[in-house]
Amino acid sequence: MTMTRRLKPLEIGHIPNLPCPGCTECAFWESPDMLERRCGSLCDGGLLRERIGEINREWGECGRVAAEDDEILGFIKYGPARYFPQSRNFEAGPIDPDTPMLACIHIKDEARRLGLGDVLLKAALRDLSLHGEKQVMAYAFASGRDALLEPVIGVDFLLRNGFTVAAPHPAYPLLKLDLRSLATWAENLDALLQALRIPIPSPHRMPSPSIKIKGRSHG
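For the sequence shown, this note's numbering begins at 1393 and goes up steadily by one.
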């Protein structure tokens, strides 16, 4: 049976099915408190749902999910920095509150390093450009750090996709991309997604209810 893959706007209803267990509760970016820079350092599903709903109502779509039928393979989250108060705690910042930023990308283990991150990033940049934004910024983690634990996007991935360093930092530099410099958005991203050679996922195994999952990062 052929499975159909689609890019969809990130909505509150997607949260229980996000690809990494910790993603369903992780409110790292939504908290103003100084937190350990680790996925799952704050687990507050209510705050996460509240903030995604707020962005979607007040500003517009704040992310994209890549879904294979009903299973989410990966997602990217973005929006104006004012909706991600954790961004004020990074040494290379702050980002102007009205400037859009990429918060994170998380991808299911079996779909990593197969091109899905590139497709999700292109979808986000197209959305932001069509929204009328002129630039986008992102904090990134430096090479050599553990991608599975990081709540931000890898610097090498962003540099490879046209970002430049706006403010250097040895661990978490701030990067930027001028959206006006990009080519027209004629690319069929759903077709690119469908063409990725992603293995058929194995059946889900539910974790023991006695185990508290702290979460895993994107890649």
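Just so it is clear, CB atoms sit at the ideal spot from N, CA and C, and this is done for glycine as well.
Keep in mind it's a predicted model, so treat the numbers as computed, not measured.
Neighbourhood of residue i by C-beta distance below 6 Å, restricted to the same chain and skipping five residues each side
i: F1476; result: W1421, A1495
i: F1555; result: L1567, L1569
Rounded C-alpha distance that separates residue i from residue j
i: K1400; j: W1451; result: 17 Å
i: R1430; j: A1539; result: 10 Å
i: Q1527; j: L1550; result: 14 Å
i: L1440; j: P1408; result: 11 Å
i: R1443; j: R1449; result: 10 Å
i: I1341; j: P1424; result: Nothing can be reported for residue 1341: it is not among the residues displayed for the chain, which extend from 1393 to 1611.
i: H1523; j: P1560; result: 28 Å
i: L1427; j: P1486; result: 16 Å
i: Q1478; j: R1398; result: 30 Å
i: I1404; j: V1557; result: 32 Å
Residue i beta carbon near the ligand NAP (any heavy atom closer than 7 Å)
i: I1407; result: In terms of ligand content, the structure shown is empty, and the ligand NAP therefore cannot be addressed.
Where the alpha helix (DSSP H) through residue i begins and ends
i: L1410; result: Here L1410 belongs to no alpha helix (DSSP H), and DSSP marks it neither H nor E.
i: D1548; result: 1547-1552
Nearest residue (CA-CA) to residue i, options the options
i: L1512; options: A1473, D1488, N1553; result: N1553
i: Y1470; options: Q1478, D1462, E1460, G1455; result: G1455
i: K1500; options: S1521, F1467, A1516, A1419; result: F1467
i: L1574; options: E1525, V1557, A1558, E1542; result: E1525
Spatial neighbours of residue i in its chain, beta-carbon cut-off 8 Å, leaving aside the 5 residues before and after
i: Y1564; result: R1429, F1482, E1483, A1484, Y1531, A1532, F1533, A1534, V1544
i: A1419; result: L1434, C1435, D1436, G1437, L1439, L1440, R1443
Limits of the unbroken beta strand (DSSP E) element including residue i
i: L1566; result: 1566-1570
i: A1558; result: 1556-1559
Close Cβ partners of residue i (< 7 Å) along its chain, the five nearest in sequence each way excluded
i: R1572; result: K1526
Quick check for students: name the residue ranges of the beta strand (DSSP E) that lie wholly in the region 1434-1508, counting only runs of 3 or more. The beta strand (DSSP E) runs of length 3 or more contained entirely in the region 1434-1508 are, from start to end of the chain, 1455-1460, 1463-1472, 1492-1499.
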